[in-house]
Amino acid sequence: MKLDYSSEKYITWVTLRSIYFERKLENETAFDGIVKIYSVKTNDLSLNETLKGKYFGSFFFPTESGFFLRMFNSKNSWPKTTLVYLNLKDLNLVKIDTNRSSWNLWTGVNLGNGKYSINISPSKSLEYIVIAET
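In the numbering used here, the protein residues as written are 40 to 173.
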């Protein structure tokens with residue numbers, strides 16, 4: 040675990056709908072640095088404005104029109120976190136649930152018909168319906 044992350048560089052993360060996402064490590068926290076916190080940028084200037092000043096964990100779960108992310112209020116706000124949905128159709132970031140989940144292994148399940156379940160701890164999951172693209 041480092042104390043200074045200023046020399047970290049953005050690295051390729053994922054590509055969705057012709058948008059290239061890169062992330063940069065900003066902090067490692069929790070139990071011996073197991074929780075990684077990143078800033079994110081893309082090749083889309085409008086989307087970069089949406090993502091500017093926001094921090095995200097490793098969790099990423101794609102859908103047809105966007106993806107779910109774990110967002111932190113700051114580089115140091117773990118375990119306070121928010122499940123968000125990034126809609127790539129309108130570049131809107133929707134806050135779904137703010138919680139204090141210290142569990143690092145969030146997972147997602149597609150329940151069908153635009154409905155998703157995100158497991159944020161062994162005993163808690165959140166359901167969200169993604170409005171279909173028209």
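All C-beta atoms in this analysis are idealised placements derived from N, C-alpha and C, irrespective of residue type, glycine included.
Residue i vs residue j beta-carbon contact at 8 Å
i, j, result
"F111", "Y94", "yes"
"F106", "L144", "no"
"N126", "S156", "no"
Same chain, Cβ closer than 7 Å to residue i, five either side skipped, listed in chain order
i, result
"S113", "Y94"
"S97", "K75"
"I135", "L122, V123, Y124, L165 and Y167"
"F99", "V53, F106 and L108"
Residue i, DSSP secondary structure in three states
i, result
"S46", "coil"
"E88", "helix"
"L144", "coil"
"I73", "coil"
"T173", "Any answer about T173 is weak, because its pLDDT of 37 lies below 50 and its placement is not dependable; what the coordinates show is given next. It is coil, neither helix nor strand."
DSSP beta-bridge partners of residue i
i, result
"K134", "V123"
"T51", "E61"
Could you tell me whether the region 62-74 touches the region 82-93, using the rule of 3 or more Cβ pairs below 8 Å? no
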